[in-house]
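In terms of my numbering, the sequence shown is numbered consecutively and its last residue is 1291. Where a beta carbon is used, it is the ideal one built from N, C-alpha and C, also for glycine. Here the structure is a predicted model, which means the values were calculated and not measured. Worksheet for the structure shown next.
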Amino acid sequence: MRFLLSISRLFLQVAFLRALCIFLFLLVCAPVAGAKKNLSLAEAERMAVRQSLEVRLAGADVRIRKGMRKEASGTYYPQVHSRVVAPFVGHESGFFADQVIWDFGRTKNRVKSSKSLVSSAKYSKKNAENKAVTRARKAFYAVILNEARLVYAEKNRLHAGMRLEKSIILARNGRISPLELAQQESDEKNIIFQLNGAQNGVESARFDFFQLLGIEDTGDITLVPPQDSEEILPPVKELLADVLKDNPTLLALAEQLKSDKAKIAAAKAEFLPILYGRVAYRFEGEGAHTDAPDFIAGAGATIPLFKGFSRFGTLDKTRAVRERTEIEIALEKQRLEREVKRLLLDITHADEYIELSRRVLGTAEKKLILAREKAELGAASKLDLVFSEKEYANFYLKYEESLYNKRALVADLKFLAGLDTAEEWVVEVEK
């Protein structure tokens, strides 16, 4: 009996230790409630591409074009069919196989056209992916910019509140007039409105950003900007050459033009004969001639004579489509050249503004450090320190705005050049 009790106690102790270990493991591994999650720009870009319906639509178009390519290639293979007629009469029932021997490039050009359409669809999909990445980048930095605006608005609100408190004391002592006090109160109300606007701006920017990613903003996700980098842009001629060579939309149109030319060649071949071979094994049925063979093989030709001018209409249509594609390519090149030059001009002005904002921000930072030192020594009031903090936040906001403007411009320029090519422009800056 004692032995059984000892065994039962041992099992209970083991079960208790196991439950304790599992509890501790879950406690350590479980995420802490309210813990902040970091989200990098690269991860946000990948999520935006996966979520983009335009990318999915372009992917479906690629699969459709691949199916069309298989369909066009079917003529290369034997066309096998069977026919059964009951009751069996003559040699009408059997197995038959036809094989095109030569169609003067009709099938070859159709396949060539379909292959070019597949390539065009792939470039269109790449363009959709680049568009999703560009939107995610601009939305990512828009959140950071609006957060900087909120910081400035909070500092401004704090400074306005302290100024109002001081003005109330001065008004009680007769140092300022009631009109001046009313003006201070009005200024504070306006600053509160600005703070509400900044808060709404952050919420709207985060909503737009997380909508692109397809996730809900729970408020516990912190955006982590990438390492500071400098965009080393090529000279104008070289950059234009890169854009005209690697722009996905232009590449898709170029493949479309190849397809149009192949369709014209296939339309011309419709005027020429088709040479084919045929083999068949036929069932001998009732009423069949005894001297008719069951197995036959031979070659023949289909010669088109007149189809009501439909072939001429097809040829005219394909030529007009080719002309339209050529015009679209010319228009796209003009648009790209115009957009690149405009973006480069805007980026030049943005660089100048960034440099100016950086110098002013450096001066404001020095003043803030000096104000903190004076406040610690009692040589300056808390109001003076808050004013310096507000001034620094203001110039920091202007600096962030200048950075955002350039980031948005560079993102648009990279989109035109194709993101794979544009990655060569980035040089990491050592901190």
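Per DSSP, Ile1028 is one residue of the alpha helix (DSSP H) stretching across Arg966 to Arg1032. With contact defined as three or more Cβ pairs closer than 8 Å, the segment 1231-1245 and the segment 1257-1266 are not in contact. In this model, Ala1020 and Glu1045 are separated by some 9 Å (Cα to Cα). Annotation for Phe1143: no alpha helix (DSSP H) segment contains it, and DSSP assigns it neither H nor E. DSSP, read as helix, strand or coil, puts Ala902 in helix. The DSSP assignment places 1096-1106 and 1108-1129 as complete runs of the alpha helix (DSSP H) inside the segment 1045-1133, in order along the chain (cut-off: 4 residues). Pairing Gln1116 with Lys1105, the inter-Cα distance amounts to about 15 Å. In the same chain as Ala1253, and ignoring 5 residues on each side of it, the C-beta atoms closer than 7 Å to its own belong to Val1011, Tyr1012 and Lys1015, in chain order. Between Leu1072 and Ala999, the CB-CB gap stays under 8 Å. In this structure Leu977 is buried. Its beta-carbon is surrounded by 16 or more other beta-carbon atoms within 10 angstroms. Distance from the CA of Lys1121 to the CA of Ala1210, rounded to the nearest whole angstrom, comes to 44 Å. By DSSP's assignment, Ile1036 forms no beta bridge with any residue. Taking each of Leu1245, Glu1040 and Thr1208 in turn and checking the Cα distance to Lys1226, the smallest one comes out for Leu1245. Approximately 5 Å separates the beta-carbon atoms of Ala1058 and Arg1009; this is inside 8 Å, confirming the contact.
In this structure, Lys897 sits near Ile1081, with a CB-CB distance shorter than 8 Å.
At the C-beta level, Asp1102 and Ala1271 stay beyond 8 Å of one another. The alpha-carbon separation between Met928 and Ala1129 amounts to approximately 20 Å.
For Leu1135, DSSP records a beta bridge to Trp962 and Ala1161. Counting only the Cα atoms, Arg1179 lies some 17 Å from Lys972.
Exclusion of the five residues before and after Glu1251 leaves Ala1224 as the residues of its chain whose Cβ lies within less than 6 Å of its Cβ.
By DSSP's assignment, Arg943 forms a beta bridge with Gly954. Counting only the Cα atoms, Ile1036 lies some 11 Å from Lys1026. Relative to the Cα of Arg1171, the nearest Cα in the group Leu1203, Lys1123 and Leu1279 belongs to Lys1123.
DSSP, read as helix, strand or coil, puts Lys897 in strand.
Note on geometry: alpha-carbon atoms of Lys1201 and Lys968 lie some 42 Å from one another. Judged by DSSP in its simplified three-state form, Phe1255 adopts helix.
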